[in-house]
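Working notes for the structure below.
Numbering (this note's numbering), first residue to last: 59 to 331.
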């Protein structure tokens, strides 16, 4: 039985050879890579929603180089401490699956029996995610209309993705948890100094959300040294700054051969009341 349910009637989905099917006869083909498309056409806001192929490739190459390994380690440590022997977990807005796969592998290495699913609106991202971890399941879907049953998951990861609180409350079991990962105040500060004449820090705040209690906020601080133009380009391409930077700033960054910069993350840990 899949963790996913039918986006048309909400009945449970069964994974069969090459297809996911519900008892009412709705069926959804599995792509060659192994993900399933559960975003109905009338809920799409564009022909190809989400991150494009180039952005996904940049993120895959940058993350696979291990530059954000400290964040992955912290996420895995938190999830290991919060999870039981056979947790059902969702990575909402999973992108190309770097964190999804890392969490799944950490749980398996610890002797757990996880069921892990990832959703994203970008089919380009899920092509990579499904190849990265074959034992997890992935679906093209919106975080604001998750194709999961009420109270069906023990935990949820939301890493630099839209915060769909109503849906998170719906799909989490009572006492379930979710990790909300955001950048710290001075994340990538040195890159911002190159891009902008007057860079400003990211806002940091502790925001209570209805139906959830704070457990803690875990800081993750570090530095990385990028010694290849390709790595600098990939980092820039995978951030929102790529779309917001004046040409002069982008040209200054493109001229660099190396860049040392701070990484700063905050992992907000919530529990469903």
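C-beta: ideal position from N, C-alpha, C; glycine also. Just so it is clear, the structure is predicted and the values come from calculations on it, not from any experiment.
Taken through DSSP and simplified to helix, strand or coil, residue 99 comes out as helix. Going by DSSP, residue 132 is part of the alpha helix (DSSP H) stretching over 127-140. Between residue 109 and residue 215 the beta-carbon gap is near 17 Å, outside 8 Å, which marks them as no contact. Beta-bridge pairing by DSSP links residue 235 to 213 and 329. Looking at the DSSP output, residue 111 shares a beta bridge with no other residue. Using a 10 angstroms sphere on the CB of residue 94, the tally of other CB atoms reaches 16 or more, which defines it as buried.
In summary, residue 59 is exposed, with fewer than 16 beta-carbon neighbours lying within 10 Å of its beta-carbon over all protein chains present. Excluding sequence positions up to five before and after residue 259, its CB lies within less than 7 Å of the CB of 243 and 244, all in the same chain and listed in chain order.
Nearest Cα to residue 83 within the set 90, 76 and 66: 66. Under DSSP, the beta-bridge partners assigned to residue 78 are 73 and 86. Cβ atoms of residue 274 and residue 327 come within 8 Å of each other, at about 5 Å. The three-state secondary structure of residue 289, taken from DSSP, is helix. At least 9 Å separates the beta-carbon of residue 269 from that of residue 219. In the DSSP assignment, residue 176 is bridged to 149 and 196. Cα atoms of residue 167 and residue 309: separation of roughly 44 Å, rounded to the nearest angstrom. Residue 178 counts as buried, since no fewer than 16 other beta carbons sit within 10 angstroms of its beta carbon. Residue 63 has 70 as its beta-bridge partners, per DSSP. At the C-beta level, residue 136 and residue 240 stay beyond 9 Å of one another.
Under the three-state reduction of DSSP, residue 272 is assigned to strand.
Spatial neighbours of residue 217 in its own chain (CB-CB distance under 6 Å, excluding positions within 5 residues in sequence) are listed in chain order as 157 and 239. The three-state secondary structure of residue 279, taken from DSSP, is strand. Contact annotation, residue 96 with residue 278: C-beta distance approximately 32 Å; criterion of less than 8 Å not satisfied.
Going by beta carbons, residue 192 and residue 124 fall outside the 9 Å limit.
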